[in-house]
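In order, the protein sequences belong to chains A and B. In terms of numbering that gives the first Met the number 0, the first sequence opens at residue 0 and continues consecutively. In terms of numbering that gives the first Met the number 0, the second sequence opens at residue 0 and continues consecutively. What follows is a short report on a single structure.
There are 2 protein chains.
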Amino acid sequence: MNSNTTPPGRIRNIAELARLAGVSTGTVSRALANKSLVNTETRERIQTLAREHGFRPNQMARRLRVQETRVIGVVVPLGHERRQHLSDPFFMTILGHLADALTESGYDIMLSRVIPDEEDWLERIVASGMLDGVLVIGQSNQFEALERVAEYYRPMVVWGSHTPGQKHCTVGVDNRKGGKLAGESLIAAGRKRLAFMGEIRAPELHERFLGLCDAATAAGLPAPLQLDTHLASDTMAEEIARNLDLMADIDGIAAGSDLIAMQTVRVLADHDIAVPKDISVVGFDDLPLAEQTIPRLTTISQNIAKGAQAMVSMLFDRIAGKETDSVEMEPVLIKRDTV
Amino acid sequence: MNSNTTPPGRIRNIAELARLAGVSTGTVSRALANKSLVNTETRERIQTLAREHGFRPNQMARRLRVQETRVIGVVVPLGHERRQHLSDPFFMTILGHLADALTESGYDIMLSRVIPDEEDWLERIVASGMLDGVLVIGQSNQFEALERVAEYYRPMVVWGSHTPGQKHCTVGVDNRKGGKLAGESLIAAGRKRLAFMGEIRAPELHERFLGLCDAATAAGLPAPLQLDTHLASDTMAEEIARNLDLMADIDGIAAGSDLIAMQTVRVLADHDIAVPKDISVVGFDDLPLAEQTIPRLTTISQNIAKGAQAMVSMLFDRIAGKETDSVEMEPVLIKRDTV
DNA sequence: ACAGATACAACAATCGATTGCAATTATTTT
DNA sequence: AAAATAATTGCAATCGATTGTTGTATCTGT
């Protein structure tokens, strides 16, 4: 139930204001929208009256009528990794950039963190009638759901990998190439026994692992070790610690994300293993905080800001009815102090 | 303009479905809402029909009618510091926790980053008719606006400082005590020439500075230096670097936030000043990443997760018509490696 | 002074659901 | 078998705006 939403001399709707001003609701509506059809004098009279009473037209009603909401949904599907929280830094970083871009264009943002228990979670979101468009962050294990909806719902852009022939429009880096870059940087530093830290059920992470394997193969090295590391930040550290013995003969680590990399460096430091003297670590994402750790993280940059910008402008194109192709950005190696 | 929001055999509204099922719209509405008033058989018939056609009732219309939106606004006023972005880690962290709590209760989140150019920015938000309640993150320099609205709009909870007699309901730590704690920890480590890094126009930061002064006074030390450091992360580092000369004779730094503290440590490291050997640094917030830096940050904990929980449950109380008092949490010193 | 143009405002339909009340039919009760 | 009750469904008002159409008063030109 809505509580009072208006100051004391409450005017609850356009009709009351109309009565007060001695005109019809239509005129009030036009006056408040600053339409030239109404006499300048009455228009101003109505506007000051509205201001005095702190009246503002109900957006819900307006949006229902004009069939345009100026709201964009930002959705995070947590398919696997349901323990992952929204507070995950990667997600927060991209959300921040999306929010900046959307707010600047006068759109509001509706945030949904979804655990896709119901088959039709995405259908439910797009058909709610509340949104002009949808941005999905991460494909998780919901590829089919995205394809199904992309078939008929145009204004949707997804952050993630692009696979040939897919229906839904994505923005993301070439994750495989990024993984390869990571591997090559480790190899260039003379590392020979590589490991990938991160679980590989999500397409993005899987591609990164494959890229690392590519690099190993190309250099004639044995296949890298793959160690699960889950994104629920509260348990990550101990999970990594537990893997420490397995890493006895490892000298180069490609992490699935910056967060994993940071945690890894942290755990290694706790065990008096020096980075990069004893082990090299390379991250993935280039979060702002990768630059602020000590030692600063060497990582593969996703250029999240640019990606977010691209997502937003492509979404606007699609809302306007234009078609857009998926964008795959070039990953670049950011050399800092951990390799 | 909304594009297609329904699969091929499109049914756009309840009326079309009603025609298809040979019943009235009222019955369809009740059937989809699983009301017991409609015959089990027809109810199921309508529900399968809806499912087959992927139909979902328009939420905008529903919400207009029932006057309940199940949407909570999360607002970040950027009064001063307009260059600060949503991607600020503190904000992102608290937003993450709020999102988790609200989503679990079945609420959606509408995110607004507002630059309060217009006097009535907050009025506009609460009177939009789009929200069941509002959470404001940070008081910024908008104390009056908050007071004015709190006068008549109940379902609002603000993250920030509580000053005696204020109208709006806040959740936050005792910032002054936190600042004092920070100062005491520096003094306990033998530091004598203190500085506060952060600009002090926002009430929260100002209180922290005052707390630091309290500690200095109590220990018979001269008043701490106060150095502006703005929260726009892109320029923060150079700003701190520029202040470096001023800090020539400083040996203890209380930072206005963890982010500032991290940047400070980073800049000091770049200038071969060892932390904590040469200078001690204490942060404020205890962001998750404070634990992951090297050296790990000594800081004042705000217990953001608990605070977010409190904000949400208090908001629900207020939506239900109950009164709630402001909550002031105890800051605690988290001793790590930078003091 | 009168036809035609212009300016302004009222009327009423519309967006898409929900829901109190009335109406109809089916089931019990007496 | 009639009356009373219960179970379903339909009708129509409602939420609060927007906007195309229509109506009326005023103004212009001749």
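The beta carbon of each residue, even a glycine, is placed where N, CA and C say it ideally should be.
In chain B, which residues lie with their C-beta within 7 Å of the C-beta of residue i?
i          : result
Gly-197(A) : None at all; the shortest Cβ gap to chain B is about 17 Å.
Thr-47(A)  : Near Thr-47(A) there are no residues of chain B at all, since even the closest Cβ is about 14 Å away, more than 7 Å.
So what does DSSP say about residue i, is it helix, strand or coil?
i          : result
Glu-198(A) : coil
Ala-253(A) : strand
Leu-243(B) : coil
Ala-273(B) : coil
Ile-354(B) : No information on residue 354(B) is available, as it lies outside the stretch 0 to 338 that chain B covers here.
Thr-92(B)  : helix
Val-266(A) : helix
Leu-110(B) : strand
Thr-292(B) : coil
Gln-58(B)  : helix
Leu-332(A) : strand
Thr-216(B) : helix
Asp-173(A) : coil
Asp-284(B) : strand
Asn-1(B)   : Since pLDDT at Asn-1(B) reaches only 45, below the 50 mark, its modelled position is unreliable, and no value is offered.
Gly-71(B)  : Note on residue identity: the sequence assigns Ile, not Gly, to residue 71(B). Note: Ile-71(B) maps to strand in three-state DSSP.
Gly-189(B) : coil
Thr-297(B) : coil
Ser-160(B) : coil
Met-129(B) : coil
I'd like to check one pair, residue j with residue i: are the Cβ atoms closer than 9 Å?
i          : j          : result
Ala-319(A) : Ala-100(A) : no
Leu-145(B) : Met-155(B) : yes
Arg-207(A) : Phe-283(A) : yes
Gly-255(B) : Glu-198(B) : yes
Val-281(A) : Leu-332(A) : yes
Glu-290(A) : Arg-265(B) : yes
Ala-222(B) : Leu-180(B) : no
Asp-257(A) : Leu-288(A) : yes
Val-311(A) : Leu-134(A) : yes
Leu-63(A)  : Leu-63(B)  : yes
Thr-263(A) : Arg-295(A) : no
Ala-126(B) : Arg-55(A)  : yes
Val-70(B)  : Ala-98(B)  : no
Ala-14(B)  : Arg-44(B)  : no
Leu-226(A) : Ala-194(A) : yes
Ile-299(A) : Asp-285(A) : yes
Pro-88(A)  : Pro-88(B)  : yes
Run down chain B in chain order and give the residues with a C-beta less than 8 Å from the C-beta of residue i.
i          : result
Glu-329(A) : The contacting residues do not exist; Glu-329(A) stays about 22 Å from chain B at best.
Asn-57(A)  : Leu-63, Ser-127 and Gly-128
Arg-69(A)  : Residues of chain B passing the Cβ test: none, with the nearest at roughly 10 Å.
Gly-53(A)  : Asp-119, Glu-122 and Ala-126
Thr-337(A) : Chain B residues near Thr-337(A): none, gap ~11 Å exceeds 8 Å.
Thr-323(A) : Going along chain B, no residue has its Cβ under 8 Å from Thr-323(A), so there is no contact; the nearest lies around 13 Å.
Since I believe residue j is in contact with residue i (beta carbons under 8 Å), could you give me their beta-carbon distance rounded to a whole number of angstroms?
i          : j          : result
Ala-188(B) : Ser-325(B) : The pair is not a contact, with the Cβ atoms about 33 Å apart (cut-off 8 Å).
Leu-48(B)  : Leu-77(B)  : Going by Cβ atoms, the distance from Leu-48(B) to Leu-77(B) rounds to 48 Å, so no, they are not a contact pair.
Pro-330(B) : Asp-131(B) : 31 Å between Cβ atoms; not a contact.
Leu-211(A) : Gly-159(A) : Not a contact, Cβ separation roughly 19 Å.
Ile-303(B) : Ile-108(B) : About 17 Å separates the two Cβ atoms, so there is no contact after all.
Listing by chain order, which chain A residues have their CB less than 8 Å from the CB of residue i?
i          : result
Ile-293(B) : Val-264, Arg-265, Ala-268, Thr-292, Ile-293 and Pro-294
Ala-60(B)  : Leu-63 and Gly-128
Thr-297(B) : Correct list: empty, because the minimum Cβ distance to chain A is about 14 Å.
Thr-169(B) : Residues of chain A passing the Cβ test: none, with the nearest at roughly 19 Å.
Less than 8 Å separating the Cβ of residue i from some heavy atom of the ligand NAP?
i          : result
Asp-227(A) : Ligands are entirely absent from the displayed structure, and the ligand NAP is therefore not among its contents.
Along chain A, in chain order, which residues have C-beta atoms closer than 7 Å to that of residue i?
i         : result
Thr-39(B) : Within 7 Å Cβ-Cβ: nothing; Thr-39(B) doesn't reach chain A, min ~22 Å.
Residues in the segment 155–167 of chain B with C-beta within 9 Å of chain A's C-beta atoms, listed in sequence order?
none
Compile a chain-ordered list of the residues in the segment 15–35 of chain B whose CB is closer than 8 Å to at least one CB of chain A.
none
Taking a Cβ distance cut-off of 7 Å, strictly less, list which residues of the segment 105–124 of chain B are near chain A, in chain order.
Asp-107, Ile-108, Met-109, Leu-110, Ser-111, Arg-112, Glu-122 and Arg-123
Taking a cut of 8 Å between CB atoms, which residues from the segment 261–272 of chain B lie near chain A?
Met-261, Gln-262, Val-264, Arg-265 and Ala-268
By the 7 Å beta-carbon criterion, what residues does the segment 271–289 of chain A contribute toward chain B?
Pro-287 and Leu-288
Please identify, using Cβ separations under 8 Å, the residues of the segment 207–227 of chain B that lie next to chain A, in order along the chain.
none
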